[in-house]
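Chains as they are written, first to last, in our numbering: chain A, -2 to 196; chain B, -2 to 196. All C-beta atoms in this analysis are idealised placements derived from N, C-alpha and C, irrespective of residue type, glycine included. Because the structure is a prediction, the values reported are computed rather than measured.
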């Protein structure tokens, strides 16, 4: 997803500046909301000129798209990391489930959530973030189907795995305000039982 | 939860102004974020003087507390409304579950979500909103235990009902950006099966 007019950097300095601007965009989002994520505000936060932002991303639209892409890449890497969860027999399902639940905690999840809330009212962000949510959701779904060796064509399996992913999202929300770690472990372990029953 | 110094209005005009200020506070939240929810900004939005806001709520703290209370009251009313869901045998569980899922959709849920996100960084709001989340969560949990005639002391039942409530919250999040109604019905109906198996 490279917006028309935005350039891919080709050297170390360019990659460094590109990354710094993306991180500044996410910083402005987290601290001041997307209404403030103008080219000028982000350039100031990144310590670069407005011209540098325009060189890399063309305009606000390109800059926001790159930030959405960055969050999506992070979330997809975390899903891919599920494949490296130990394959100890017996506790395998539990390890996968706990890991999938923890993927919906912490700063990366909070940033994705802030992005969703901001996108709800923003005509530029909304279709992009909605598409990101669908893609991340579908990838997480199929990674779980494969890792738990379930039948992804069985409607009962599909609805249960989706219920689990919604539950993990809901636990992410609960974890933002309250320290919810003990409850989360109980719920995750119950999910491991419910998902194991599908096999 | 009536903050020290805030007055309960005693006549029609007072009740009207009180309500108007609470609604203006929620409006400012939704459109501009809580960082902007100052007494001056809310007074302007409500079309009243700053003195009127101070008369009713003492200060920003009292005003925000009243807004949190208002959202909590709305959410608790929706939980109480679960008790009025038809008692047709057979589909009773499904009706309750669908209703509980729909409770986590729409403007009241979005407002609660915005409040959670804003509270994460706000020292005044955070403990209040965290307490609200725990109270609303506990009330929702016990209403479901009672309505579905489950054993609230059984750890398996407790973890499953909590997983369901987290799932409903996650479906609420998904519904903010994508029209998710079909998927939501499938997941809700699968939940009705999983919860019915607990009896």
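Consider the Cβ of residue i: report whether some Cβ of chain B lies at a distance smaller than 8 Å.
| i | result |
| --- | --- |
| residue 69 of chain A | no |
| residue 183 of chain A | yes |
| residue 88 of chain A | no |
| residue 196 of chain A | no |
| residue 23 of chain A | no |
| residue 35 of chain A | no |
| residue 39 of chain A | no |
| residue 123 of chain A | yes |
| residue 171 of chain A | yes |
| residue 116 of chain A | yes |
Residue i CB to nearest chain A CB: under 8 Å?
| i | result |
| --- | --- |
| residue 168 of chain B | yes |
| residue 100 of chain B | no |
| residue 159 of chain B | yes |
| residue 188 of chain B | yes |
| residue 179 of chain B | no |
| residue 175 of chain B | yes |
| residue 130 of chain B | yes |
| residue 66 of chain B | no |
| residue 151 of chain B | no |
| residue 126 of chain B | yes |
| residue 148 of chain B | no |
| residue 119 of chain B | no |
| residue 61 of chain B | no |
| residue 163 of chain B | yes |
| residue 26 of chain B | no |
| residue 110 of chain B | yes |
| residue 156 of chain B | yes |
| residue -2 of chain B | Annotation note: pLDDT 44 at residue -2 of chain B (below 50); position unreliable, coordinate value reported separately. No, residue -2 of chain B lies away from the interface with chain A (no Cβ there is under 8 Å from its Cβ). |
Does residue i come out as helix, strand or coil in the three-state DSSP assignment?
| i | result |
| --- | --- |
| residue 147 of chain A | coil |
| residue -2 of chain A | Confidence at residue -2 of chain A is low in this model, with a pLDDT of 44, below 50, so the placement of that residue should be treated as unreliable; the coordinate-derived value is given next. Note: residue -2 of chain A maps to coil in three-state DSSP. |
| residue 119 of chain A | coil |
| residue 34 of chain A | coil |
| residue 176 of chain B | coil |
| residue 46 of chain B | coil |
| residue 190 of chain B | helix |
| residue 7 of chain A | coil |
| residue 141 of chain A | helix |
| residue 166 of chain B | helix |
| residue 131 of chain A | helix |
| residue 196 of chain B | coil |
If residue i and residue j are in contact, beta carbons under 8 Å, what's the gap, nearest whole angstrom?
| i | j | result |
| --- | --- | --- |
| residue 21 of chain A | residue 49 of chain A | Contact doesn't hold; Cβ gap of about 11 Å is too wide. |
| residue 138 of chain B | residue 111 of chain B | Rounded, the Cβ-Cβ distance is 23 Å, inconsistent with contact. |
| residue 102 of chain A | residue 172 of chain A | 5 Å |
| residue 108 of chain A | residue 23 of chain A | 6 Å |
| residue 192 of chain B | residue 157 of chain B | 7 Å |
| residue 25 of chain A | residue 34 of chain A | 5 Å |
| residue 170 of chain A | residue 162 of chain B | That pair is no contact at about 11 Å. |
| residue 64 of chain B | residue 175 of chain A | That pair is no contact at about 20 Å. |
| residue 114 of chain A | residue 114 of chain B | 6 Å |
| residue 136 of chain A | residue 62 of chain A | Actually they do not touch by this definition, with Cβ atoms about 19 Å apart. |
Spatial neighbours of residue i within its chain, please: CB distance less than 7 Å, with the 5 preceding and 5 following residues excluded, ordered by chain position.
| i | result |
| --- | --- |
| residue 186 of chain A | 91 |
| residue 79 of chain B | 93, 96, 97, 140, 144 |
| residue 167 of chain A | none |
| residue 8 of chain B | none |
| residue 142 of chain A | 149, 158 |
| residue 27 of chain B | 108, 111 |
| residue 15 of chain B | 6, 53 |
So, for residue i: in the same chain, excluding its five sequence neighbours on each side, which residues have a beta-carbon less than 8 Å away from its beta-carbon?
| i | result |
| --- | --- |
| residue 105 of chain B | 68, 71, 72, 75 |
| residue 211 of chain B | Given a span of -2 to 196 for chain B in the structure shown, any question on residue 211 of chain B remains unanswerable. |
| residue 47 of chain A | 36, 37, 40 |
| residue 17 of chain B | 43, 44, 45 |
| residue 188 of chain B | 94, 98, 161, 164 |
| residue 184 of chain A | 98, 164, 168 |
| residue 198 of chain A | In the structure as shown, chain A begins at -2 and stops at 196. Residue 198 of chain A is therefore absent and cannot be evaluated. |
With a CB to CB cut of under 6 Å and the five nearest residues on each side skipped, what residues in its chain are close to residue i?
| i | result |
| --- | --- |
| residue 198 of chain B | Because chain B is modelled from -2 through 196, residue 198 of chain B falls outside the range shown and cannot be assessed. |
* To do: Could I get the ranges of all uninterrupted alpha helix (DSSP H) runs contained in the region 51 to 103 of chain A, with 4 residues as the minimum, in chain order?
  => The region 51 to 103 of chain A contains, as complete alpha helix (DSSP H) runs of 4+ residues, the segments 57 to 78, 89 to 99 (chain order).
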